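A.B. asks: Protein chains in written order, with my numbering: chain A, 1 to 303; chain D, 304 to 894; chain S, 895 to 1390.
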Amino acid sequence: MHVILDALAMIGLSYVMGFLFYGFYRQFSARVQRRWGPSIWQNFFDNMKFLLKSETLSHGPMFFFGPMIIAAGAITTVLFVPFLKDSDWLQGFSHSGNLILIVYLLVVGPLGNALAVGSSGNPFGVMGVTRGLTRLMGLEVPFFLGLALVMLQHETTSVHAIMAAQDGIAQWNLFTNPIAFMVILLPFIASQNASPFDVVGAPVEVYAGPRVEFGGRLLGVLMTQNMMMTIAKLVLVVDLFMGGATNIFILIAKAFSLFLLTAAISLAFPRLKTEQTVDFFWKVPLGLGVLGVVATVWFPWGA
Amino acid sequence: MSLIVKMLFLAVSLSPALTLLVWGDAVAWPLLGGIELTFDLNPVSGFFMLLLALGAPLVALPMLRGAHEGPAYGLYALLLLGMQLLLLAGDFIGFFVGWEIMTWSSYLLLLRSERSDLEGAQSYILFNLASAFLLLAGILGFYSLTGDFRIEALASAGPAEQLILAALFGGAFLIKVGTLPLHIWVPRAYDQAPDTFSAFLSALMSKMGIYGLVLLPTLFPQGLAGLLGSLLNGPAAGYILAWIGVITSIIATFKAISQEDMKRLLAYSSIAQVGYITTAIGVGSSLALGGALFQALVHTLVKLLLFITFAGIILQTGQRRFNDLGHLIDRMPIAFFAVLIGIIGLAGMPPLPGFAAKYLIFVALIDARWLLLLAAMLLSSTAAFIYCYKLIYAPFLGHANSPEAKAATEAPWPYLVPQVMLMGLLVLLGIFPGLAIELVIDPVLIGLGMAALGAPSPGELATAYGGYDGVVLMSVFGSAFMIVTGLFFLLRGRMRRAGSAYDLSFAGEVPTAETPLHYGAGMGRELRRIPLVDWILSRTTTRFQAGLTRQSLAASGLLGGLYRRDPQTWILLAVLLFAVALTLMLLAGGL
Amino acid sequence: MELQLTPVWFIALPLLVAFASPLWVRLQLLMPLLFAVPLLLLVLAISLVPVVRAAPLLETIVIAPPLGIHLHLDAAALVMLILFNLAGALMAAFLWLGDTEPYLRGRQPFILIMLLITGCTGMVLTGDLFNLYVFLEIAGVSAYALSALRRDRGALEAGLKYLIIGSVAAVFFLFAVVLIYLQTGQLNMAAVASDFAGIPAPMQALIGLLLLVGLGIKAELFPFNFWVPDIYRGSDPATAALFSGILVKAFIFVLFHLVFLLLADPDVARAWLMGLGALTMLVAELVALRQQDLRRMLAYSSLGQVGLIVLALGFASEATTAGALFHMVNHTLVKLLLFFVAALMLRRVLSLRLGDLHGIGHRMPVATGLFVLGSLAVLGLPPLSGFISKLWILKGFAAAQLFWPIALILLAALIEAAYYFRWIKVFYDTDPAKAHPGIMAGPVQGAPVYLPLLLIGGLLLLFGVAPFLLEVSFVEGAQSLLAREATLEQVLGARL
């Protein structure tokens, strides 16, 4: 019973946080661009509108099951990320998982999506998927390297253990291992499919994007999982670098501040092409990661 | 008559399983000059024998289809015999005998394909023989040091001698596993071999090289650490080996993405996957070796599954290129699921066991503090997503691109039975990674004198760095999937199937049957705009090897010019040489 | 009267049978006898194994001192005798059972083959330099005639060329014998050997070189073997099998017999012989890469193997020598098999060019299968006997910590694999477009002709799997070949 309630609470929390954060982002970007922008609830309304559409076009069974796989992947991801530390609640099944597993679960979504898009038979969709996978290839390397630096620092892959090791603010990995944070920051933004790395599914690129064939309730499901996934990733980074949170409010506060940072970066830079993205990730964050490895592993003066 | 032969053949294909189950005491066979071949089953060889026992009948089953081919059956039986000899051998001569029987019988099987050409066949046999002769040179070097052929640690040898031996043995095994730049025979052979036999080549024969690599550290008193000293908290030789493996897998992955032929793609993917195993062996900790063995197990199952499935597709459609297929999902659903399971395993996605293997290797790399290797390996393993997607998209999704693809039906049952069995095995292993550790991996690690990994429960994969529970993962994912799907249907609204396959959002136009809609081969072409990928893809060793062939033929022609056809020259040469030699000898004699 | 089983029978019997050939023609016993005589001698040789193991058999028939026939049957010579007679019997069976061309079935080939075997046997058995020369000429002359038997342009050319180069070799050899006689006044090998050290060094060098060139030409060593491919190409494949299988082996044996016997310190010749062997091997294997005619290819491959054998014998350790003896046996069997297959293909396809043999594996599956078997054996791949003998040689080098021959042997084997497998690939080619239009013009061969071939295949496999059956013979052969002191003592002691 506890497990089911806990799981439902996590799913609910991530959804609510998701649409609020996205609503805020739309407001924020509008203000930066000197527009009024929609209300903070707008994402919720949009999502409900899609989910309640009366007619949905399908291109075959795989086309239908693709979004289901993505949604299931998102829910699984959410349930394997511990939201709070030192608490019985909002833990999901995180004790049965670890950081590497979560990183791989993050990828289940794009792959399920890829199946559905392929099934639609739209070449532009497949082109978008290929771009998405290419970007993934670029971002995953520095992202994982940064996480590996943290895992090496604490000699564990367990998110719980990493959280537990960051007692006070001075022990936050953000401060004890700043290189790792800098290494993962930009790939993290890309993994959120946020600007400036958003060429794959960017609004004006819809005709060459992976979402091209989806509409109605299926698009609603995709949007839902996207919001939940965003929160899962934010919470993960909070857990890893900002010491986790002991209650929901601290969690929201930390996640929000992180979100604010990424949003600010997103809005400040123009969009990159896919291959530029990959090349950038392999040069700058990865180069930084290599320097980090050389500095912290090859010459361990800290330890 | 033909039925009896086929049943007999099937029985022969079960012989590795029989060996595994009923093997008794060691058997010895005196050869000559004090060389005695000894054969026995130990945990390490038992693991590889298990792979063979799993794979051999599954490959044999599709071979049974159609008119019976006596020679092919005979050669396959010889191949199995050779591999069993190799695995059972307790001394190097037996190992070599098995290795060579395997080499030539597989070569002759390869010749039976209509697609095999001179270049492919020659590169297969010459690379493999080069590998064998390096091995033999290593064995003889070993013998010159110990005076014995038994496979055991070198009692005493200088560092230089150890290094030379390691290079010889390592070279032999690395050729066999298709390490770059000695890989060129792999794609050719896997591409040209009879379709079902490619499964055997990729899934089982490449593992014999892995067996050799696993044995390699046991030959030296301090394992790999004794060879070149240590570097970055680990053996330098292992570090080099690990980098060789990783670079191989990166390059092979990008090569795989750029392939337009299904079997060639699988071949390059095989090189890349085996590269991971090489890396893990280079790390050499018990965690890493556990990962290597797990990866070997998974790769065997996955490549059997994929090659057999694609053999079925080729059988049914006669098409092998990504461009010429498409939309087989409705006509070959079992094959679709087989490939789906296969690529999930190949990509190392949870919850299938490919992830367990990757997890172990990653953790081992973190444990060894070799993070740059980890990053490089991650590059190849993420890039692998692209070719995995190509594998499922181009044949099964999108639009049918040839008349055959439009009319294909599911492959016959000898192809489907192995597919279903392998899918089941993969899913089972994914749910119970701990079981595989307990039953299969740990005995080998103990046999190698290393710490066992252990598993608290069948579903759990545990390491000092944490682990995960396959049962929980699978059930969470499964219930999430069912709940989402159920909720979706509960919602108001209806689903409508698109009126035709051309009912697409196509840039404001209406596509027709003539519009090129299949993106099969185009996939990954954009990648060349990335400088690193372009650099990798524009390099090839083909030219170097063609050059080598040309040079040796030129040398042959030059020397052949000596063999003149007129007797005067022969006599003249003989007399001249006689005179010159006599003069030289007399001068040297100090007259 | 009890029949003495003395070594002289090995020479006398085939000579007698050969000279009585008109009788056999009338009785229509030519082919059976051609088969039966070597077989009988084979059985005799095998039955002598225990006797020879106890002590070498010596027999001296004095004609007029110093001329006489001195026969010396030790373990090494016995191995060669068994090999020659086995090869002779197999050859005869092949000619008898097959639908052989008439020019290989008549009285002339009967006499010539008998004489060839006699000559080779004599060379191996004799303990006397003059006899050696006589037997060398007997074997040589019969070989020249055999290669010209077909009487077409190619065969006659081959025969003539063979005659010329063979005579030159004989002259070199004869000159060496004369010099030795002038210097020592002896012709008995053992006696010469004990006096050889007394000859002045420059004269020793001259004699050595003369012997080396003379026997080098005959034994197909590198700078003297340019004649080989032409002769093998021009002759019938079956006779080429005899040359490669028996004749060369006899000359190699003689060469090393003399080297080991005459030189008190084999180190003098070691570098020369090993160098020549390695050169022969590498050059021949490389040249074979480009050959387009099966007979030429086999000829070069034969040269390569000769090089290997010389390399191993030149090193003169017990293991390499025993291995080399074993390799001689294997090579004889393999080359018989391969040349027989070539003969069968020639009869069926009327050509042995690479381009004409596309896809022949599908029409002549047994013959091609046997070719593959023979190739595997000649390449030294397990489980065939070629592997064991090569392993033995390599092991000998490894035990002596000498690694350059190992590297060269393996490199040569790789090159050899390159062309053998190229031919095999062509044989099994499935592309019908490449099949030669004139292919399959000849008659289909009956099943019995495959019997000797299958027997050879079986022997190759048997010796590969159970080489311990033969081990003692080769080890003893090597010991008796290398035991100079003991031989001298026996022979000279017997003469006293």
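A virtual CB, placed ideally from N, CA and C, is assigned to each residue, including glycine. The structure displayed is predicted, hence computed values, not measured ones.
Check whether the Cβ of F144 of chain A lies closer than 8 Å to any Cβ atom in chain D.
C.D. replies: Yes, F144 of chain A counts as interfacial toward chain D.
A.B. asks: From which residue to which residue does the beta strand (DSSP E) around R1001 of chain S run?
C.D. replies: No beta strand (DSSP E) contains R1001 of chain S, which is instead part of the alpha helix (DSSP H) from R1001 to L1019.
A.B. asks: Is there contact here, the stretch 1289-1300 of chain S with the stretch 433-449 of chain D, by at least three beta-carbon pairs under 8 Å?
C.D. replies: Cβ pair count under 8 Å is three or more, so yes.
A.B. asks: Would I874 of chain D count as contacting chain S if we go by Cβ distances under 8 Å?
C.D. replies: Yes, I874 of chain D counts as interfacial toward chain S.
A.B. asks: Near A1052 of chain S, which residues of its chain fall below 6 Å by C-beta distance, leaving aside the five closest residues on each side in sequence?
C.D. replies: Excluding sequence neighbours, A1052 of chain S sits near S1041, I1125, G1128 and S1129.
A.B. asks: Quick check: what's the CA-CA separation for G209 of chain A versus V200 of chain A?
C.D. replies: Computed Cα separation, rounded: 6 Å.
A.B. asks: Output needed for I265 of chain A: all residues of its chain with C-beta closer than 7 Å, excluding positions within five of it in sequence on either side, in chain order.
C.D. replies: Same-chain partners within the cutoff: I189.
A.B. asks: Buried or exposed, going by whether 16 or more other CB atoms sit within 10 Å of the CB of M785 of chain D?
C.D. replies: M785 of chain D comes out exposed.
A.B. asks: In chain D, which residues lie with their C-beta within 7 Å of the C-beta of R1184 of chain S?
C.D. replies: Per Cβ cutoff of 7 Å: L856, S859, G860 and G863.
A.B. asks: Which residue from D:R453, D:S305 and D:Q425 puts its Cα closest to that of G337 of chain D?
C.D. replies: Nearest of D:R453, D:S305 and D:Q425 to G337 of chain D, Cα basis: D:R453.
A.B. asks: So, does the CB of F93 of chain A fall closer than 8 Å to a CB anywhere in chain D?
C.D. replies: Taking Cβ atoms only, chain D reaches closer than 8 Å to F93 of chain A, which makes this a yes.
A.B. asks: Once you ignore the five residues that flank G578 of chain D on each side, which residues in its own chain have a CB closer than 6 Å to its CB?
C.D. replies: Same-chain partners within the cutoff: G548, T551 and S552.
A.B. asks: By DSSP's criteria, E55 of chain A is part of a beta bridge. Which residues make up the other side?
C.D. replies: DSSP, once it has assigned bridges, lists D:R797 as partnering E55 of chain A.
A.B. asks: Between the alpha carbons of L851 of chain D and R999 of chain S, how many angstroms are there, rounded?
C.D. replies: Computed Cα separation, rounded: 47 Å.
A.B. asks: Would M163 of chain A and G215 of chain A qualify as a contact pair, given that the criterion is a beta-carbon distance under 8 Å?
C.D. replies: Cβ distance not < 8 Å, so M163 of chain A and G215 of chain A don't count as in contact.
A.B. asks: Cβ closer than 7 Å: which chain D residues qualify as neighbours of V1181 of chain S?
C.D. replies: Within 7 Å Cβ-Cβ: S859, L862, G863 and Y866.
A.B. asks: What does DSSP give as the partner residue(s) for R1045 of chain S in the beta ladder?
C.D. replies: The partner list for R1045 of chain S (beta bridge, DSSP) is empty, contrary to what the question assumes.
A.B. asks: Within 10 Å of its beta-carbon, does H2 of chain A have 16 or more other beta-carbons around it, so buried, or fewer, so exposed?
C.D. replies: So H2 of chain A counts as exposed.
A.B. asks: Since F1120 of chain S meets chain D, which of its residues come closer than 8 Å, beta carbon to beta carbon?
C.D. replies: By Cβ distance, chain D contributes L865, Y866, R867, T872, W873 and L876.
A.B. asks: Taking Cβ-Cβ distances shorter than 9 Å, what residues in chain A pair up with D343 of chain D?
C.D. replies: Neighbours of D343 of chain D on chain A: none; closest Cβ ~39 Å, over 9 Å.
A.B. asks: Using C-beta distances below 7 Å, list every residue in its chain close to E372 of chain D, excluding the 5 sequence neighbours before and after it, in chain order.
C.D. replies: Answer for E372 of chain D: no residue qualifies.
A.B. asks: Chain A partners of G648 of chain D, CB-CB under 7 Å?
C.D. replies: None at all; the shortest Cβ gap to chain A is about 13 Å.
A.B. asks: What residues from the stretch 392-415 of chain D come within 8 Å of chain S, judged by C-beta to C-beta, listed N to C?
C.D. replies: Going along the stretch 392-415 of chain D in chain order, one finds I396, F399, V400, E403, I404, T406, W407, Y410, L411, L414 and R415 with a Cβ nearer than 8 Å to chain S.
A.B. asks: First and last residue of the alpha helix (DSSP H) that includes L185 of chain A?
C.D. replies: Where L185 of chain A is concerned, the enclosing alpha helix (DSSP H) stretches over P178 to S191.
A.B. asks: Quick check: is the beta carbon of M652 of chain D nearer than 8 Å to any beta carbon in chain A?
C.D. replies: Chain A, which has a Cβ nearer than 8 Å to the Cβ of M652 of chain D, makes this yes.
A.B. asks: For chain D, find out if any of its Cβ atoms is closer than 8 Å to the Cβ of L1288 of chain S; answer yes or no.
C.D. replies: Yes, because at least one Cβ of chain D sits closer than 8 Å to the Cβ of L1288 of chain S.
A.B. asks: Cβ atoms of A575 of chain D and P250 of chain D: under 8 Å apart, would you say?
C.D. replies: Nothing in the structure corresponds to residue 250 of chain D, since chain D is present only between 304 and 894.
A.B. asks: Rounded to whole angstroms, what is the Cα-Cα separation between F1209 of chain S and V1369 of chain S?
C.D. replies: When rounded, the distance between both Cα atoms is 15 Å.
A.B. asks: Any beta carbon from chain D within less than 8 Å of K85 of chain A's own beta carbon?
C.D. replies: Not an interface residue.
A.B. asks: Enumerate, from N- to C-terminal direction, the unbroken alpha helix (DSSP H) stretches of 4 or more residues contained entirely within the stretch 390-477 of chain D.
C.D. replies: Within the stretch 390-477 of chain D, the complete alpha helix (DSSP H) runs of at least 4 residues are 395-414 and 421-449.
A.B. asks: Tell me the rounded alpha-carbon separation between L313 of chain D and A711 of chain D.
C.D. replies: Approximately 28 Å between the Cα atoms of the pair.
A.B. asks: Can you tell me which of the three DSSP states R1189 of chain S falls into?
C.D. replies: It is helical.
A.B. asks: Confirm, please, whether the CB-CB distance from F350 of chain D to V743 of chain D is below 8 Å.
C.D. replies: Yes; because the gap between Cβ atoms is below 8 Å, this pair is in contact.
A.B. asks: Enumerate, from N- to C-terminal direction, the unbroken alpha helix (DSSP H) stretches of 4 or more residues contained entirely within the stretch 643-707 of chain D.
C.D. replies: Counting only runs of 4 or more, we get 656-670 and 674-699.
A.B. asks: What is the DSSP secondary structure of N98 of chain A, reduced to helix, strand or coil?
C.D. replies: N98 of chain A falls in the coil class under three-state DSSP.
A.B. asks: In the structure shown, what three-state DSSP assignment does L267 of chain A receive?
C.D. replies: Helix, per DSSP.
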